[in-house]
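*Asks:* After the structure tokens below, expect a handful of questions from me.
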Amino acid sequence: MADKNTCMTCGSSRGLCGGKGIATLKEGIWTNNPLAIQVLGICSTLAVTNKLSNSLVMGIALMFVTAGSNLFVSLLRKQIPHRIRMIAEVAIISAFVVVFDQFLKAYYWEMSKQLGPYVGLIITNCIVMGRAEAFALQNPPIVSIVDGLANGIGYALALAIIGFLRELLGSGQVVLAGLPLPLGSWYTPNQMMIIAPGAFFVFGILIAIFNVMKGGPAEENKK
Amino acid sequence: MHKFRQNMYTVGFSLILGLACATLLTAAAEFTRSQQADNKKAEEIRNILMALKAPFETQASAGELIAVFERDVTEQLVGRQNPLTLYIYKPHGSETPVAAAVKFFGSGVWGPIKGFLALEPDYKTIRGVTFYQQEETPGLGGEIVTEHFRSRFAGKQIADAQGAWGIDITAGGGDHPGVNEIAGISGATMTCDKVEDMINTVIETLAAKREADGR
């Protein structure tokens with residue numbers, strides 16, 4: 011740790027890997043947000059966002075898994091035989107997912123019950139596998155952790171927005187850490203927001219907002 | 007020969023990775039096992055105590071709940087075929103039972119439903135009902151877990167005015183003056199019918215016990 015502006019992996023003096031760290035972070039959270047732009051990992055997004063607290067825990071779980079699996083895939087990227095690389099990635103990912111699931115079951119029983127099978131299903135979440143395959147296999151460990159965290163944050167952020175809106179509109183209040191934030195008695199909760207269609211509406215609108223803020227749909231940007 | 011070495015490397019790599027992951031998972035499972043088992047037991051106990059309307063701290067830890075349960079609740083088997091476990095509640099320091107609970111279960115609309123039915127010491131009046139596992143439609147059948155619905159059971163009888171055993175969860179809400187009638191949830195008739203069936207199955211066994219006891 012000679013200079014905090016020097017990259018530990020490549021020795022560049024312009025921050026992590028010649029500014030790649032910041033670029034990676036921005037890409038995962040914003041310009042290439044796994045949910046709103048790439049539209050990956052929809053199954054869990056639709057299933058667990060009926061409450062803000064569920065969404066947040068799910069986001070943390072994914073952050074932990076993508077960062078951890080990216081680190082190990084990146085560390086082993088020169089050792090993993092090409093033919094079985096996907097099997098190796100899934101093995102590493104499942105190890106992280108199961109550890110997190112066991113931890114929730116032991117110390118956050120209520121939360122584990124509410125998330126049900128969706129924590130386990132992170133193993134098949136396209137985001138995690140996608141980052142391992144597309145990023146960690148080609149990049150050094152530290153920047154791979156950054157990429158994993160960034161995508162996890164991007165996912166958690168989108169989930170939190172959807173979860174907040176669905177809980178607020180669906181039950182008339184948002185409860186976080188036992189503290190309720192009511193919308194007021196004038197509002198009649200719309201139960202559709204709690205069930206699956208509500209997730210589609212909110213998620214669709216979120217994608218639209220992201221696209222507008224980025225200036226047009228993703229396809230047009232490429233031209 | 008080169009290809010052979012490559013294959014051996016692949017097999018060796020898979021073996022080592024597999025073993026490393028398996029070791030990690032075993033350690034994680036082993037490390038959290040007792041805590042997880044306590045959580046499962048406490049979950050069931052919490053529901054039994056809730057159905058019995060036994061006072062307990064809502065924030066109590068798994069260990070505390072297990073301690074309260076072991077102190078105040080005794081288990082008794084009733085019925086010869088498909089025996090039921092009866093959880094009899096005697097408040098701390100008292101010798102007279104205040105309530106008894108039994109588990110009921112069956113298939114719901116989307117998945118299994120499990121819950122507890124608590125009765126007063128007369129084994130005829132319902133004291134409370136809880137559901138601890140259900141996957142019914144949120145907003146419709148899922149409403150069975152709400153206090154609003156469950157409170158409709160309290161004080162009802164498990165037999166009608168003529169003495170025929172069984173409860174009746176009626177469709178369409180409204181007034182239901184019958185001693186064994188409980189207003190159902192509008193839009194959740196199928197869930198209500200299934201819950202009624204599974205509770206009545208338990209009531210049959212209890213009725214046999216009452217007759218065996220000569221009451």
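Residue numbers (this note's numbering), protein chains in the order written: chain A, 11 to 233; chain B, 7 to 221.
Using N, Cα and C, we set each Cβ at its ideal position, and we do this for glycine too.
Quantities reported herein were computed from a predicted structural model and do not represent experimental measurements.
(1) Less than 9 angstroms between CB atoms is the rule here; does residue 213/B satisfy it with respect to chain A?
(2) Taking DSSP as the reference, what is the three-state secondary structure of residue 89/A?
(3) Whose C-beta lies closer than 6 angstroms to the C-beta of residue 62/B among residues of the same chain, with five residues either side of it excluded?
(4) For residue 44/A, does the three-state DSSP call read helix, strand or coil?
(5) Is the shortest distance between the beta-carbon of residue 211/A and the beta-carbons of chain B less than 9 angstroms?
(6) Hey, out of 115/B, 124/B, 120/B and 213/B, whose CA is closest to residue 107/B's CA?
(7) By the criterion of Cβ-Cβ separation under 7 angstroms, what are the contact partners of residue 91/A in chain C?
(8) Within 10 angstroms of the Cβ of residue 213/A, are there 16 or more other Cβ atoms? Answer buried if so, exposed if not.
(9) Any idea what DSSP makes of residue 127/A, helix, strand or coil?
(10) What are the residues in the segment 96 to 121 of chain A lying within 8 angstroms of chain B by C-beta distance?
(11) In three-state DSSP terms, what is residue 67/B?
(12) According to DSSP, is residue 81/B helix, strand or coil?
(13) On a CA-only basis, which of 187/B, 200/B and 192/B is nearest residue 146/B? Give me that one, please.
(14) With distances taken from CA atoms, which of 177/B, 22/B, 67/B and 205/B is nearest residue 196/B?
(15) Start and end of the alpha helix (DSSP H) containing residue 111/A?
(16) Applying a beta-carbon distance threshold of less than 7 angstroms, which residues of chain A neighbour residue 64/B?
(17) Quick one: using the 10 Å Cβ neighbour count with 16 as the cut-off for buried, is residue 93/A buried or exposed?
(18) Could you name the residues of chain A that residue 31/B contacts, counting a contact when the two beta carbons are closer than 9 angstroms?
(19) Would you kindly report the start and end of the unbroken beta strand (DSSP E) that includes residue 94/B?
(20) Quick check: is the beta carbon of residue 204/A nearer than 9 angstroms to any beta carbon in chain B?
*Replies:* Taking the coordinates as given:
(1) no
(2) coil
(3) 55 and 74
(4) coil
(5) no
(6) 124/B
(7) Of the protein chains in this structure, namely A and B, none is chain C.
(8) buried
(9) helix
(10) 97, 98, 101, 102, 104, 105, 108, 109, 112, 113, 115, 116, 117 and 119
(11) coil
(12) strand
(13) 192/B
(14) 177/B
(15) 95 to 117
(16) The premise fails here: residue 64/B is roughly 11 angstroms from chain A at the closest Cβ pair, so nothing lies under 7 angstroms.
(17) exposed
(18) 104, 105, 108, 109 and 112
(19) 90 to 95
(20) yes
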